[in-house]
Structures are given as C-alpha cells and as structure tokens.
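Novice: Please read through the structure below; I'll follow up with questions.
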Amino acid sequence: MYQAGGEWDRAIRIAEERDRIHLRTTYFNIASHLEAKGDFMGAAQMYEKADVQHTQVPRMLLDDQQALEQYILKSKDPQLVKWWGQYMESTGNMDQAVHYYEEAKDYFSLVRVLCFQENLARASEIASATGDRAACYHLARQYEAMGKINEAVDFFSRSHAYGNAVRLCKEQGMESQLWNMALLAGPREQLEAARYFESSDKALQDKAVVLYHRAGMLHKALDLAFKTHQTDALQHIALSLDSKSDPAIVQKCAHFFVENCQYEKAVNLLAIGKQYVEALSLCVEHNIPITEDLAEKLTMNKGEGDEATRVQVLEKVAESAVAQGNYHLATKKFTQAGNKVAAMKALLKSGDTEKIVFFANVSRQREIYVMAANYLQSLDWQNQPEVLKNIVAFYTKGRSPDLLANFYVACAQVEVDEYQNYEKALGALSEASRCLAKVTTPHDPVQHQRVLDNLNTRMVLVKRFVDIRRVADRGDQETALSQCRQLLQHSGDLDAAGIRVGDVYALMVESLMAGGDFRGAQQLVEEFRRVAGPGINLAYYLSSSTLGKLARELGMPLSGSFASGDKVRAGPVRQDRVTDQDEPLDEEVEVVEEEEVLERETNSPTLVFKNGQAYAI
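No gaps in the numbering here: position 331 of the sequence shown is 331 in full-length UniProt numbering, and each next residue is one more.
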C-alpha cells in the first residue's frame, strides 16, 4: 500500500521491521521507480541493496558508457570488473580487456586473450604463477596445437588433466614423463599406462606391475610380477594387503615368500589376511619369533568366526611364545583364551614376582592361589616379610590348609636351623597343627592322621626342650641336665622333631659352666664330638664367648681342645666360614663382644606367629 502511494520511506521501514521477506523486493521496486525518474545513482544504490547490481546497473547505464565505467571502477566489484573486461573484449579492445581481466583476477580469460594475442610467454608466466586449472588447460591445448609437447604435458599436469598428459606421452614415447603422470593420475589413466609399459620392448614390466596394483587390478599385477620375477614389486603389493583382500591373493603372495625362504613376511601376510592356522603352522615349523605385534595380528576378535577356533588359535600363539621364552606374551594370550591356569604357569616361568602376585589376586582361582604360594616359597621369604605374608594369604585363599601347614613346619625348621629359636618354632608348629585340624575331608585319611600324629609328637618334643631351657634359665641345672640326658636317649626322635642334638649338648655345657663344673663341660664337649663326628664345628652350637671362657678356666689354648675350622658363632645366629676346617685358629682369637652379639640378634629377621598369620621381623 505504501509503495502504491509513493511513500517509499515508510514502505522500507515496514519491510525492515515487519516484513523482511519482501525487503529486497521493496528495494528493487524503489530502484525501478528512481530509474524511471532518471535518478540513476539513487537507483544504483537501491539495486545494490536488492543485490541485483551485477545485472541491473550495466543494463541501466549501458547507453552511458562513461558513467558505467566510472561506476564499475568505483565499486571494484570483481564480477562487474570481469563483465566490463568481457565487454571490452567484445568491442575488440583487447588491451583494455587484459587490464580488466587481470584486475578481476579472471586468469582463465586473461590467459585466453593473451594466447589470442600470441603472447604465450606472459600467458605461461601467469598460468604457472597462479596455478589456475582452466588457464593451464587452455594453455596446454595451445602448446599441443603448436607441437610443443613437453610444455603441453607440463600444463596438462598442472591442470590435473592427466588423461591428456598420458595420451600425449604414449603418442610421443615419453616413458619417463608417462611414469610420472601415471603415478599422479586416476585408475583409468594408470591402467592405460600399465598396458603401455607391459607391451613395451624396453623391460618396463616393473612399472606395469606397480600401475596395475595402483589401478586396483591385483590379480593382473601379481600374475605379471610372478611372470617377470618382480620380487620388490611383490613385497610392495603384500604390504598393501589387509583382512579385506582376496584370500586367494593373500595365499598366493604368502606361497611366494615361503618359496623364497622369507618366512616372516609370509607369516605376517597370512596374519593380516586372517589365515591364522596357516600362519601359526609356519611359525612352529620355522621357529618364527612371536612378537607383540605379530601376536595381535594372530588374535581373532570376539565374534569373528567360530569361538572354538579363536580359543585354539590363541592357545597355539601362547604355546609358541612359551617355547620361545616370551612368557609375558604367553600369559596374555592364555588369559585371552580363558585358560588362566596355563597363563599362570607361563608367568611362573618368567620369575616376575610382582606380576605373579598381581595375577593371583585378580584371577581369584583356588589353583592359581596355590601355584603362586608354591612359587613364593622358592624365594627368600625368610628375609622378605611381604613375600611371607603373601604365601600365608594365598594358601588361605586357596583353601589349602594342608599346604599352609607344611609351610608353617618349614618356618619352624628355619627358626631352629637359622636362629635356634625353639619358642618361635613351637609357635609355627602350633599354627601347622591348627591348619591340619581344619582339613575335614582329606584325600587319604590314614596318611593325614599319620602326619597329624607326627606333628603332635614333634610339638611335644619341641615343647619339652623349650621347658628344659626355661628350667636351666631359672638355675635348676641338675634338673635341666637330667632331662637333657633323657632327650638324648631318643636322638632319633629329636632328629624327626627337628631338634638339633648339638643344641641339647650346648644347653648341657652351658648349664655345667653356670654351676662351675668346667671339667664336666669339657667332657660333654668331647662326648658331643664323638657322637657328631670329627668334622663337627662347635661354633654352630656354642658361642665364642662360651668356648673362650671354657678354655681359660681349664688353662688350655683355644686352638687345642676347642678349636674349630670355622668362625665361631656369636650368640644364636650362625656365622659364615672364614677359614678351612683343616686350618687351626691362632691362640689369640678375637672374642665377639656382647654388644656385637646383641646387635646381630636384633638385625636378624625372625618369624612371629599371631592369630594364624606369620610375620617376619
């Protein structure tokens, strides 16, 4: 309504605020109105707002070329500048056309006009500098028409018109340029070039193989490669194969590698082609190293094929890894196959204690707990509290009280042999007895009862010896000596109970010395030597201070009656040898001070049993 009434300002305001869909139409109508009134500049502005200036302004000002040129130069609109260049070209003003085409960056039109003017040098310079495909193609056609083949091939290549470049190279026998163009071209051009190279008399079949391969004709490429013995080309083709490749092609390449004793390449190729059974057969037959990468290639994804086949392949990979000593990889593959027991066996062979403990904890299987505990017993658990703790925990979690009892018995023997601590040994035997009592349904009841009886007998003897030592500590030497004699009458039982005869004699010697009977102590030493044999080392049972005191009280040199071939033991801890047994000690033997004895006893790890658990301190 406002437009019909000539109220253009109000019409524009309404269109801008309430009816933007008709805003450009409103601007166009205003421009037409102004054009009819002769207000060309105002009309041009409205045409610009209506976004139709590229067509309407040239139409409106076509009769006034000077005004049109001024408008175009002032606007610097590339589309209008290009139109003006085309107008100049249509009027035959080529120089002005070149100027405006260059101003509008219309390189195709610019090169086209320059070629018309036979200014190929500048046309080539512009096409090379800008890389405009249309310009390069037009220039290439000009060069081809002029017989300048090299230049034509160059600019066909720049314009990505590889088909024309390949055609020219074939026609002119330009093998080098043809090879370069074919590598850049698409499958159709590559196929044409491959056929050319295959039929050539210049032994260019290797290039044909590569191009057939790139063109997607794998069968043709392989046939030609086999026919002409192109080993390098075959290897290149093999690298491009994957699980989606034709199984026949994979098998053919693998067979070629096997024939040429390149077994690793054949295995990798079969693995990539998911021919797992064949790949594993080659690995076993030719002892191909199973690397982490190869193992992953040989691993079937879940849901890929038959599950039984997947498990079988995984276990074969793991078995091959075990045979090659790659135990961690074998553990991984056995685990993926669901065979955790076999995985644990492989891991045990690696000797990786940290991973063995971790695997046992995450597997939560009775058999694996027991296997881990058995392995940990082979370590220096006496000096590693964490290992000892894991042994007890694993036997407990593995519900193997009989094996845990055996371990406690071993702990008791360590306390006796290493530290002469019969009190702690008795505690360990008590824990062993509790464990055996938990066995309600033994596999062999008779054997179980026999073991339990032997353990109880051992506990009785050890407890008796502990009580004798306590009697001696209270000063009742006579009673202690009498009970020791009674123990020695059953030396066979002592050995079975893990009580060392030398410790009994040592207690008797120390008791006599405490009562001042040094001569009787000497006689006991000699008696022990006769019982134990001439090579006995007294230092394993009597401390250096005790031997030194006995020698001094008897007025005898230590190198005489009480010499030993080994360094004497300081306190209850056995010491290392320092001389051969045949080499006597000098008379002046350094007696270990009490402070040193205490220090060594303090630093020596011992076992503590509490609430059914063993702790190394």
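Built from N, CA and C at the ideal position, the CB exists for glycine as well.
1) Can you list, in chain order, the residues of its chain whose CB lies under 6 Å from that of ASP106, leaving out five sequence neighbours each side?
2) Report the rounded CA-to-CA distance for GLU175 versus PRO187, giving the unit in angstroms.
3) Taking the alpha carbon of ASP476 as the point to measure from, which residue in VAL446, VAL462, ARG450 and LEU507 has its own alpha carbon closest?
4) Can you give the Cα-Cα distance for HIS160 and SER124, rounded to whole angstroms?
5) Buried or exposed for THR91, going by 16 or more other Cβ atoms inside 10 Å?
6) DSSP state of LEU585, grouped into three classes?
7) Nearest to VAL166 by alpha carbon, out of LYS244, ALA539 and ALA193?
8) For PHE108 versus ASP132, is the C-beta spacing smaller than 8 Å?
9) Hey, ASN390 and VAL357 are a contact pair by Cβ (cut 8 Å); roughly how many whole angstroms apart?
10) Using DSSP with H/G/I as helix, E/B as strand and the rest coil, what is HIS213?
11) So, with DSSP's three-state summary, where would you put GLU307?
12) Which residue comes first and which comes last in the alpha helix (DSSP H) that contains GLU527?
13) Give the straight-line distance between the Cα atoms of VAL277 and ALA182, rounded to the nearest whole angstrom.
14) Taking the alpha-carbon positions, what's the SER369 to LYS340 distance?
15) Just to confirm my understanding: we take ALA97, look at its own chain, exclude 5 residues before and 5 after, and list those with CB closer than 7 Å. What are they?
16) Which term fits THR299, buried or exposed, when burial requires 16 or more other beta carbons within 10 angstroms of its beta carbon?
17) Return the CA-CA distance between ASP170 and TYR143, expressed in angstroms with no decimal places.
18) Using 8 Å for Cβ pairs, my map puts LEU429 next to VAL451. What's the rounded Cβ distance?
19) If I follow the unbroken alpha helix (DSSP H) through ILE468, where does it start and stop?
20) From which residue to which residue does the alpha helix (DSSP H) around GLY555 run?
21) Are the beta-carbon atoms of ASP308 and LYS333 separated by less than 8 Å?
22) Contact between the region 433–444 and the region 387–402 is defined here as three or more beta-carbon pairs at a separation below 8 Å; is this criterion met?
23) Consider the C-beta atom of ALA496 and the heavy atoms of the ligand NAD; say whether any pair is separated by less than 7 Å.
24) Terminal residues of the continuous alpha helix (DSSP H) containing LYS244?
25) Who are the Cβ neighbours of SER243 in its own chain at under 8 Å, not counting the five residues just before and after it?
26) Mind reading off the beta-carbon distance from GLN190 to ALA215? Whole number of angstroms is fine, and I expect it under 8 Å.
27) With a threshold of 8 Å on Cβ separation, who are the neighbours of LYS610 within its own chain once the five nearest residues in sequence on each side are excluded?
28) Cutting at 6 Å between CB atoms, please list the residues of its own chain near GLN413, excluding the five before and the five after it.
29) Could you give the distance in angstroms between the alpha-carbon of PRO572 and the alpha-carbon of ALA539?
30) Give a yes or no on contact between the region 412–427 and the region 438–446, applying the rule of three or more CB pairs nearer than 8 Å.
31) So, helix, strand or coil for ASP503, using DSSP?
32) Taking the C-alpha atoms as reference points, what is the distance between SER281 and LEU218?
33) What residues in its chain sit with their C-beta under 7 Å from that of TRP381, if we drop five residues either side in the sequence?
34) Tell me the start and end of each unbroken alpha helix (DSSP H) in the region 98–126 that is at least 4 residues and wholly inside, in chain order.
35) Alpha helix (DSSP H) containing ILE149: first to last residue?
Specialist: The structure says:
1) The residue you call residue 106 lines up with position 106 of the sequence shown. Closer than 6 Å at Cβ, skipping near neighbours: LYS82.
2) Taking the sequence shown and counting its residues from 1, one reaches residue 175 at position 175. Taking the sequence shown and counting its residues from 1, one reaches residue 187 at position 187. Their backbone Cα atoms lie some 18 Å apart in a straight line.
3) Counted from its first residue, the sequence shown places residue 476 at position 476. Considering only alpha carbons, the answer is LEU507.
4) Counted from its first residue, the sequence shown places residue 160 at position 160. Counted from its first residue, the sequence shown places residue 124 at position 124. So the alpha carbons of these two residues sit roughly 16 Å apart.
5) Here residue 91 corresponds to residue number 91 of the sequence shown, with the count starting at 1. THR91 comes out exposed.
6) In the sequence shown, residue 585 corresponds to position 585, counting from 1. Low confidence applies to LEU585: its pLDDT is 31, below 50, so where it sits in the model is not reliable, and the reading given next is rough at best. Reduced to three states, the DSSP call for LEU585 is coil.
7) For the purposes of this step, residue 166 is identified with residue 166 of the sequence shown, where counting begins at 1. Here the closest residue by C-alpha is ALA193.
8) Here residue 108 is taken as the residue at index 108 of the sequence shown, counted from 1. Here residue 132 is taken as the residue at index 132 of the sequence shown, counted from 1. Yes, they are a contact pair.
9) One-based indexing of the sequence shown puts residue 390 at position 390. One-based indexing of the sequence shown puts residue 357 at position 357. Their Cβ separation, rounded to whole angstroms, is 6 Å, which keeps ASN390 and VAL357 in contact under 8 Å.
10) By 1-based counting over the sequence shown, the position of residue 213 is 213. Note: HIS213 maps to helix in three-state DSSP.
11) Looking up residue 307 in the sequence shown gives position 307. In the structure shown, GLU307 sits in a helix (DSSP, three-state: H, G or I).
12) Indexing the sequence shown from 1 puts residue 527 at position 527. Here the alpha helix (DSSP H) through GLU527 covers 518–532.
13) Position 277 of the sequence shown, counted from the start, is the residue given in the question as residue 277. Position 182 of the sequence shown, counted from the start, is the residue given in the question as residue 182. The straight-line gap from Cα to Cα measures roughly 39 Å.
14) What you label residue 369 is simply residue 369 of the sequence shown in a count that begins at 1. What you label residue 340 is simply residue 340 of the sequence shown in a count that begins at 1. Before going on, a small fix: residue 369 reads as Tyr here, not Ser. Computed Cα separation, rounded: 11 Å.
15) Here the question's residue 97 lines up with position 97 in the sequence shown. These residues qualify, in order along the chain: GLY85, MET88, GLU89 and VAL113.
16) Counted from its first residue, the sequence shown places residue 299 at position 299. Per the 10 Å Cβ criterion, buried.
17) Counting from one through the sequence shown, the residue named residue 170 turns up at place 170. Counting from one through the sequence shown, the residue named residue 143 turns up at place 143. Checking the displayed sequence, the identity of residue 170 turns out to be Lys instead of Asp. LYS170 and TYR143: Cα-Cα distance of roughly 17 Å.
18) In the sequence shown, the residue the question calls residue 429 occupies position 429. In the sequence shown, the residue the question calls residue 451 occupies position 451. That pair is no contact at about 12 Å.
19) If you number the sequence shown from 1, residue 468 lands on position 468. First-last of the alpha helix (DSSP H) with ILE468: 445–473.
20) Position 555 of the sequence shown, counted from the first residue, corresponds to residue 555. Careful: GLY555 lies outside any alpha helix (DSSP H) and carries neither H nor E.
21) Indexing the sequence shown from 1 puts residue 308 at position 308. Indexing the sequence shown from 1 puts residue 333 at position 333. It is Ala, not Asp, that sits at residue 308 in the sequence shown. No; because the gap between Cβ atoms is not below 8 Å, this pair is not in contact.
22) yes
23) Within the structure as shown, the ligand NAD is missing, as the structure has no ligands at all.
24) Walking along the sequence shown from the start, residue 244 turns up at place 244. In the DSSP annotation of this structure, LYS244 is not part of any alpha helix (DSSP H), being labelled neither H nor E.
25) Here residue 243 refers to the residue found at position 243 when the sequence shown is read from its first residue. If we look at SER243 and ignore the five residues flanking it on each side, its Cβ neighbours are ILE272, GLY273 and LYS274.
26) As a working mapping, residue 190 is identified with position 190 in the sequence shown. As a working mapping, residue 215 is identified with position 215 in the sequence shown. That belief holds up - the Cβ atoms of GLN190 and ALA215 are roughly 4 Å apart, short of 8 Å.
27) Start at 1 with the first residue of the sequence shown, and residue 610 comes out as number 610. A caution first: LYS610 carries a pLDDT of 46, below 50, which makes its placement in the model too unreliable to give a value.
28) Residue mapping note: residue 413 aligns to position 413 of the sequence shown, counting from 1. GLY498, listed in sequence order.
29) Along the sequence shown, one-based indexing puts residue 572 at 572. Along the sequence shown, one-based indexing puts residue 539 at 539. With a pLDDT of 40 at PRO572, under the threshold of 50, the modelled position of that residue is not reliable, and the figure given next carries that caveat. Computed Cα separation, rounded: 10 Å.
30) Touching, no, given that fewer than three Cβ pairs across the two stretches are closer than 8 Å.
31) Locating residue 503 in the sequence shown gives position 503, where the first residue counts as 1. Helix at ASP503.
32) Taking the first residue of the sequence shown as position 1, residue 281 is located at position 281. Taking the first residue of the sequence shown as position 1, residue 218 is located at position 218. Distance between the alpha carbons of SER281 and LEU218: 26 Å.
33) Working through the sequence shown from its first residue, we reach residue 381 at position 381. Only VAL387, LEU388 and ILE391 meet the Cβ criterion.
34) 107–116
35) For the purposes of this step, residue 149 is taken as residue 149 along the sequence shown, with counting starting at 1. It spans 149–158 - the alpha helix (DSSP H) in which ILE149 sits, taken as one unbroken run.
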